[in-house]
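Under UniProt numbering, the sequence shown is numbered contiguously, ending at residue 204.
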Amino acid sequence: MLASTMPLPGTDDPINVAQTIGFGVIAVVMVVSALRVVTTKNVVHAAMWLVLVLAGAAAQYVLLAAEFVAVTQVMVYIGAVVVLFLFGVMLTRARLGSDAELTRKNWYGAAFVGLILVGLLGFSLVDTFQDAKLPEDRQVSLAPDLPADATDAEVEAALEEPNVGSNTAAISDSLFTQYLVPLEVVAVLLTAALVGAIVIARRD
Numbered sequence: 001m002l003a004s005t006m007p008l009p010g011t012d013d014p015i016n017v018a019q020t021i022g023f024g025v026i027a028v029v030m031v032v033s034a035l036r037v038v039t040t041k042n043v044v045h046a047a048m049w050l051v052l053v054l055a056g057a058a059a060q061y062v063l064l065a066a067e068f069v070a071v072t073q074v075m076v077y078i079g080a081v082v083v084l085f086l087f088g089v090m091l092t093r094a095r096l097g098s099d100a101e102l103t104r105k106n107w108y109g110a111a112f113v114g115l116i117l118v119g120l121l122g123f124s125l126v127d128t129f130q131d132a133k134l135p136e137d138r139q140v141s142l143a144p145d146l147p148a149d150a151t152d153a154e155v156e157a158a159l160e161e162p163n164v165g166s167n168t169a170a171i172s173d174s175l176f177t178q179y180l181v182p183l184e185v186v187a188v189l190l191t192a193a194l195v196g197a198i199v200i201a202r203r204d
């Protein structure tokens with residue numbers, strides 16, 4: 001039977017076996033679902049596969065102890081964006097079933113462009129964050145009063161206290177201070193999309 005934690009090879013840092021296995025399983029489900037989104041000929045089925053991808057992303061947030069982000073993912077993307085996508089399909093009178101006229105003749109070019117984008121994104125992430133470390137004053141901790149060299153027993157005892165905080169306050173502080181301008185830009189963009197959808201619906 002697998003232990004819940006085990007040390008990393010060559011170090012004393014423990015890893016959570018169950019969390020690692022869960023991450024791998026969810027990642028595989030997300031990749032398969034994402035492939036089905038772009039390969040199925042049924043628009044509604046593609047939307048349902050997209051729901052599975054977004055649900056997997058929410059599950060990954062839960063594994064990272066970011067419950068607030070996970071709930072936001074479910075409410076905003078699954079509960080709103082996918083529904084808006086389906087409404088757009090219906091309002092434009094697109095065919096809901098399988099479309100025999102759709103072909104995959106151009107998938108070579110799409111795959112090539114996709115690989116280039118993935119490569120550029122990966123290179124940018126590695127080049128930007130390979131030496132980056134979270135500053136001490138910006139660290140989000142469930143037990144901020146504990147010292148950095150606290151033992152596992154001290155951490156568990158602190159987490160059992162009823163007044164333990166969360167990272168929700170830190171996220172809200174960042175959104176309305178450091179990322180206020182991007183937040184307002186996204187709000188304007190979503191408002192414009194909503195107005196455009198209403199205008200298209202009224203014309204029909």
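Idealized CB from N, CA, C, for every residue including glycine.
As the structure is a computational prediction, the values presented were derived from the model and not from experiment.
Go ahead and label Gly-56 buried or exposed: buried means 16 or more other beta carbons lie within 10 angstroms of its beta carbon, across all protein chains shown.
-> buried
Pull up the CB-CB distance for Ala-70 and Val-76, whole angstroms please, since I reckon it's below 8 Å.
-> No, Ala-70 and Val-76 are not in contact; Cβ-Cβ is about 11 Å, not under 8 Å.
Write down the C-beta distance between Thr-40 and Ala-46 rounded to the nearest angstrom, noting that I regard them as a contact closer than 8 Å.
-> 5 Å
Drop a sphere of 10 angstroms on the beta-carbon of Leu-194, count the other beta-carbons inside from all chains shown, and report buried for 16 or more, exposed for fewer.
-> exposed
How long is the line joining the alpha carbons of Val-186 and Ser-172, rounded to whole angstroms?
-> 16 Å
Residue closest to Phe-85, alpha-carbon to alpha-carbon, out of Phe-68, Trp-49, Ala-110 | Trp-49
Using the C-alpha atoms, what's the distance from Ile-78 back to Ala-27?
-> 18 Å
Cutoff 6 Å; reference Leu-175; Cβ partners in own chain excluding five residues on either side = Leu-183
In its own chain, which residues sit with a C-beta less than 6 Å from the C-beta of Val-29, not counting the 5 before and 5 after it?
-> Gly-56
C-alpha gap between Lys-105 and Val-53, whole angstroms = 25 Å
What do you get for Ala-59, buried or exposed, if any count of 16 or more other CB atoms within 10 angstroms of its CB means buried?
-> buried
Integer-rounded CB distance, given that Leu-91 should sit under 8 Å from Pro-192 | It is worth fixing the name first, because residue 192 is Ala in this sequence and not Pro. 17 Å between Cβ atoms; not a contact.
C-beta contact flag for Val-37 and Val-82 at 7 Å = no
How would you label Ala-66, buried or exposed, when you count the other beta carbons within 10 angstroms and need 16 or more for buried?
-> buried
Rounded C-beta distance between Phe-68 and Thr-168? I'm assuming under 8 Å.
-> 4 Å
Helix, strand or coil for Leu-86, going by three-state DSSP, please let me know.
-> helix
Specify, as a first and last residue, the run of the alpha helix (DSSP H) that Gly-114 falls within.
-> 107–129
State the DSSP-derived secondary structure class of Leu-180, mapped to helix, strand or coil.
-> helix
Quick one: is Ala-3 buried, meaning 16 or more other Cβ sit within 10 Å of its Cβ, or exposed?
-> Since pLDDT at Ala-3 reaches only 44, below the 50 mark, its modelled position is unreliable, and the value read off the structure follows with that caveat. Classification of Ala-3: exposed, given that the 10 Å Cβ count is below 16.
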